[in-house]
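Q: Below is the structure I would like to discuss, written out as structure tokens.
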Amino acid sequence: MLSEEGYSGLEIRETPSRIEVIISATRTQSVLGEKGRRIKELTSLIQHRFNYLDGEIELFAEKLTNKGLCAVTQAESLRFKLLGGLPVRRACYGVLNFIMESGAKGATIIVSGKLRGQRAKSMKFTDGVMIHAGNACKDYIGVATRHVLLRQGILGIKVQIMYRWDPSGKLGPKKPIPDHVSVIQPPDDDDFKIQLLSDLLL
């Protein structure tokens, strides 16, 4: 429903008076609609579907800061490129380069199905560093899966993005990766050098 608007996920916040649903998308103006008409329609649909009273639930649209680091957005982007008739290899490398230019540490794209001919196969495109095991995967890896219905059959798309460690928490997790090693530079001090030489000579 919101795939064309660059939907990338939502956040639900519960307050004492109401429930707030924040929709993340690349094109927030399309989500809101003309004079807020679309967001009102979505609110009405959710109210009827989950039996909420008027004013109990409210929807907001939030612009995605860096769409290159969102696996859902990039999977949708690749899906639209393949639906537009772009060759698989060219489309995948275009998305992969965009992800890496956006500041990702690593990325993997897997496309499987009838790519050419009648025999189904998988194509894997990777760049940078990617971790596959451990608890750090929950914080450092973003995964999205999409399906494309083409004339020859259905293609499966899987996009994995590994984020960088970012102490500010804007482009990646605040918590450093467990095997991260910080090398602390010694102070550039003459007294320190004299002390080091005396320790070596003893």
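All the letters of the sequence shown, read from the start, carry residue numbers 1 to 202 under our numbering.
Note that beta-carbon positions come from the ideal geometry of N, C-alpha and C, so glycine has one too.
Suppose contacts are defined by Cβ-Cβ distances below 8 Å. Is Ala104 in contact with Leu69 by that definition?
A: A contact, by the Cβ cut-off of 8 Å.
Q: Rounded to a whole number of angstroms, what is the C-alpha to C-alpha distance between Asp6 and Asp179?
A: With the sequence shown as reference, residue 6 is identified as Gly, and Asp is not the correct amino acid for it. Going by the C-alpha atoms only, they are around 34 Å apart.
Q: Which whole-angstrom value describes the C-beta separation of Leu200 and Asn66, a residue pair presumed to lie in contact below a C-beta threshold of 8 Å?
A: Wrong, their Cβ atoms sit about 49 Å apart, outside the cutoff.
Q: Ignore the nearest five residues each way along the sequence and tell me which others in Val88's own chain have a CB closer than 6 Å to its CB.
A: If we look at Val88 and ignore the five residues flanking it on each side, its Cβ neighbours are Val111, Leu115.
Q: In angstroms with no decimal places, state the Cα-to-Cα distance between Val31 and Arg38.
A: Cα to Cα, Val31 sits roughly 6 Å from Arg38.
Q: With C-beta atoms as the reference, is Val143 less than 8 Å away from Gln160?
A: Yes, Cβ-Cβ distance for Val143 and Gln160 is below 8 Å.
Q: Would you tell me roughly how many angstroms separate the C-alpha atoms of Gly106 and Asp127, rounded to the nearest one?
A: Answer to the nearest angstrom: the Cα atoms are 6 Å apart.
Q: Does the beta-carbon distance from Ile23 to Leu59 come in below 8 Å?
A: The answer is yes: Cβ separation under 8 Å.
Q: Are Gly153 and Gly117 touching if we call contact CB-CB under 8 Å?
A: Taking 8 Å as the Cβ cut-off, Gly153 and Gly117 do not qualify as a contacting pair.
Q: Consult DSSP for Glu20 and reduce its assignment to one of helix, strand or coil.
A: In this structure, Glu20 counts as strand in the three-state DSSP scheme.
Q: Specify, as a first and last residue, the run of the alpha helix (DSSP H) that Glu11 falls within.
A: Segment 7–14 is the beta strand (DSSP E) holding Glu11; no alpha helix (DSSP H) there.
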